[in-house]
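Engineer: Per the numbering used here, residue -11 is the first one in the sequence shown, and the count goes up by one each step. Glycine residues also receive a C-beta, built at the ideal position from the N, C-alpha and C atoms. Predicted, not measured: the structure shown is a model, and the values here were computed from it. One structure, as structure tokens, below. Some questions next.
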Amino acid sequence: MGPEAGDKVKLKNHHDGAVRGVVEAVHGDQLLVRLEESGELVVTGSASVTNFSLAARKAWKNMPHRHVGRPKGARHCDRVSVTLRIDRELWEQFKREEAEGRIRDRTATINVWFREMLDRLERTQDRIDAAKNHR
């Protein structure tokens, strides 16, 4: 995985300091970069730039289960976003447990709890009566 045309970069050793640009072409280890402010074309080695786009591609490849900032359809799992109304006191307790590190992954925890309750319903063929089950 290497630099590609269209990558956003920052030149490390440019005479004007930290200058940003976009890779126009790649020839081996040499990059043709169009500078952001002036539009000037410069040739530089790939080691002389910080390649933000390449860093993002590598992160996506190395951490495929972290979905922050990813476009729709880029997921490897089938999930939906839902809105729930939860009693304030219950939610505050949940957040305290999370802040103290006893709940590490909010989504995974809630999925496990839902799965446990649904499995119980399936096994027992009971009905959930919120008024009866509420403490």
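Using a Cβ-Cβ cut-off of 8 angstroms (strictly less than) and excluding sequence neighbours within five positions of Phe40, which residues of its own chain qualify?
Structural biologist: Locating residue 40 in the sequence shown gives position 52, counting from the first residue. So the list reads Asp(-5), Lys(-4), Val(-3), Lys(-2), once near-sequence residues are dropped.
Engineer: Assuming contact is defined by CB atoms lying nearer than 8 angstroms, are Leu20 and Ala13 in contact in what I supplied?
Structural biologist: Here residue 20 corresponds to residue number 32 of the sequence shown, with the count starting at 1. Here residue 13 corresponds to residue number 25 of the sequence shown, with the count starting at 1. Yes, Cβ-Cβ distance for Leu20 and Ala13 is below 8 angstroms.
Engineer: What residue from Leu78, Met(-11), Asp107 has the CA that sits closest to Ala47's CA?
Structural biologist: As a first step, residue 47 must be located in the sequence shown, where it is residue number 59. Per the Cα distances, Met(-11).
Engineer: Of the residues Glu104, His2, Thr71, which one's Cα is nearest the Cα of Leu29?
Structural biologist: Along the sequence shown, read from residue 1 onward, the residue named residue 29 stands at position 41. Residue His2 is the option with its Cα nearest to Leu29.
Engineer: Nearest by alpha-carbon distance to Ala(-7): which of Glu77, Ser34, Ile74 is it?
Structural biologist: For this step, residue -7 is matched to residue 5 along the sequence shown. Of Glu77, Ser34, Ile74, the residue nearest in Cα terms is Ser34.
Engineer: To the nearest angstrom, report how far apart Gln18 and Arg73 are at their CA atoms.
Structural biologist: Stepping through the sequence shown from its first residue, residue 18 is reached at position 30. Stepping through the sequence shown from its first residue, residue 73 is reached at position 85. Distance between the alpha carbons of Gln18 and Arg73: 56 angstroms.
Engineer: Restricting to Cα atoms, I'd like to know which of Asn99, Lys0, Glu110, Gly27 is closest to Asp66.
Structural biologist: Here residue 66 is taken as the residue at index 78 of the sequence shown, counted from 1. Comparing Cα-Cα distances from Asp66 to each of Asn99, Lys0, Glu110, Gly27, the minimum goes to Asn99.
Engineer: Can you list, in chain order, the residues of its chain whose CB lies under 8 angstroms from that of Thr32, leaving out five sequence neighbours each side?
Structural biologist: Counting from one through the sequence shown, the residue named residue 32 turns up at place 44. The answer, listed in chain order, is Leu(-1), Gln18, Leu19, Val21.
Engineer: Going by the CB atoms, is the gap between Arg94 and Glu85 shorter than 8 angstroms?
Structural biologist: As a working mapping, residue 85 is identified with position 97 in the sequence shown. As a working mapping, residue 94 is identified with position 106 in the sequence shown. No.
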